[in-house]
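J.: Please see the structure below; I have some questions.
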Amino acid sequence: MASVIDRLLRNAQGFEIALEASSNVPSMRVTIATCMDSRIDVFRIFGLTLGQAHVLRNAGGIVTDDMLRSLVLSQRLLQTREVILMHHTNCGLHGADEEALQERLRAETGMVPPYAFGAFDDLDASVRAAVRVVREHTFLPHRDNVRGFVYEVETGRVREVV
Ligand SMILES: [Zn+2]
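Throughout the sequence shown, residue numbering follows the numbering used here, covering 788 to 949 in sequence.
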């Protein structure tokens, strides 16, 4: 059975770009952290091109330890100064049952994963919590411009929360 990956690799064959940004420092000095949702086109939404911003993504756009690790490196090694945290409507984690998910995995495997999945009930509250965690993270030198948003996948609208 042909996998999707084979199809994508065929698409990638012959892919070439003329890289305009030679520096690995994002020219706009900004990091955008958001969900892995396939409907969020970060570059199009914010009018970005390659070389301008760091983009960090995971399920939910949750500020995990690994998200913080990347943010710290983004600021300390690669000179970014501002942070956009963006969650979105119709997220897979919105209203998910964290305990039921953990319990199902335990029943299937006999083990519990060493991480939380980050299910949440209140979208705006989850954005505020994410912003708070980043603003309070001592290892980040630039915490003045950390702002939180909701992306409405139905309309493409970006709404500021905090
Ligand atoms: Zn999501």
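Note that CB positions come from ideal geometry on N, CA and C, so glycine has one too.
Predicted model, so just to flag it, every value in this text is computed and none were measured.
For ligand 1, I want to know if Gly847 counts as a neighbour, meaning its beta carbon is within less than 8 angstroms of at least one of the ligand's heavy atoms.
T.: Against the sequence shown, residue 847 aligns to sequence position 60. Result yes, Cβ under 8 angstroms from ligand 1.
J.: In this structure, does DSSP put Ala840 in helix, strand or coil?
T.: As a position in the sequence shown, residue 840 is number 53, starting the count at 1. Three-state result, Ala840: strand.
J.: For my contact list, Pro928 and Leu865 are in at a C-beta cut-off of 8 angstroms; report their separation, rounded to the angstrom.
T.: Within the sequence shown, residue 928 is the residue found at index 141, counting from 1. Within the sequence shown, residue 865 is the residue found at index 78, counting from 1. Wrong, their Cβ atoms sit about 12 angstroms apart, outside the cutoff.
J.: Confirm, please, whether the CB-CB distance from Val945 to Met854 is below 9 angstroms.
T.: For the purposes of this step, residue 854 is identified with residue 67 of the sequence shown, where counting begins at 1. For the purposes of this step, residue 945 is identified with residue 158 of the sequence shown, where counting begins at 1. In this structure, Val945 does not lie closer than 9 angstroms to Met854 by Cβ.
J.: Check this for me: beta carbons of Leu843 and Leu858, under 9 angstroms apart or not?
T.: One-based indexing of the sequence shown puts residue 843 at position 56. One-based indexing of the sequence shown puts residue 858 at position 71. Result yes, Cβ atoms of Leu843 and Leu858 sit closer than 9 angstroms.
J.: Can you tell which of Val948, Thr942, Val914, Glu895 has the C-alpha that lies nearest to the C-alpha of Arg826?
T.: In the sequence shown, the residue the question calls residue 826 occupies position 39. Arg826 has its Cα closest to that of Thr942, out of Val948, Thr942, Val914, Glu895.
J.: Alpha carbon to alpha carbon, how far is His881 from His924?
T.: Your numbering for residue 881 matches position 94 in the sequence shown. Your numbering for residue 924 matches position 137 in the sequence shown. Roughly 25 angstroms between the two C-alpha positions.
J.: Taking the CB atoms as reference points, tell me whether Gly897 and Ala917 lie closer together than 9 angstroms.
T.: Here residue 897 corresponds to residue number 110 of the sequence shown, with the count starting at 1. Here residue 917 corresponds to residue number 130 of the sequence shown, with the count starting at 1. Result no, Cβ atoms of Gly897 and Ala917 do not sit closer than 9 angstroms.
J.: Which value, in whole angstroms, describes the spacing of the CA atoms of Ala906 and Val817?
T.: Residue 906 sits at position 119 when you count from the first residue of the sequence shown. Residue 817 sits at position 30 when you count from the first residue of the sequence shown. Each residue's Cα considered, the two are about 27 angstroms apart.
J.: If you measure between the beta carbons of Ser913 and Ile849, is that distance less than 9 angstroms?
T.: Here the question's residue 913 lines up with position 126 in the sequence shown. Here the question's residue 849 lines up with position 62 in the sequence shown. The answer is yes: Cβ separation under 9 angstroms.
J.: As a quick check of your reading: which residues have a C-beta less than 5 angstroms from at least one non-hydrogen atom of ligand 1, in chain order?
T.: Cys822, Asp824, Cys878
J.: What does DSSP give as the partner residues of Cys822 in its beta bridges?
T.: The sequence position of residue 822 within the sequence shown is 35, counting from 1. In DSSP, Cys822 forms a bridge with Asn845.
J.: For a quick check, are the C-beta atoms of Met823 and Asn845 less than 9 angstroms apart?
T.: Position 36 of the sequence shown, counted from the start, is the residue given in the question as residue 823. Position 58 of the sequence shown, counted from the start, is the residue given in the question as residue 845. Less than 9 angstroms separates the beta-carbon of Met823 from that of Asn845.
J.: Helix, strand or coil for Glu939? Go by DSSP, reduced to three states.
T.: Counting from one through the sequence shown, the residue named residue 939 turns up at place 152. In this structure, Glu939 counts as strand in the three-state DSSP scheme.
J.: Within 10 angstroms of its Cβ, does Ile819 collect 16 or more other Cβ (buried), or is it exposed?
T.: Against the sequence shown, residue 819 aligns to sequence position 32. By the neighbour-count rule (16 or more Cβ atoms within 10 Å), Ile819 is buried.
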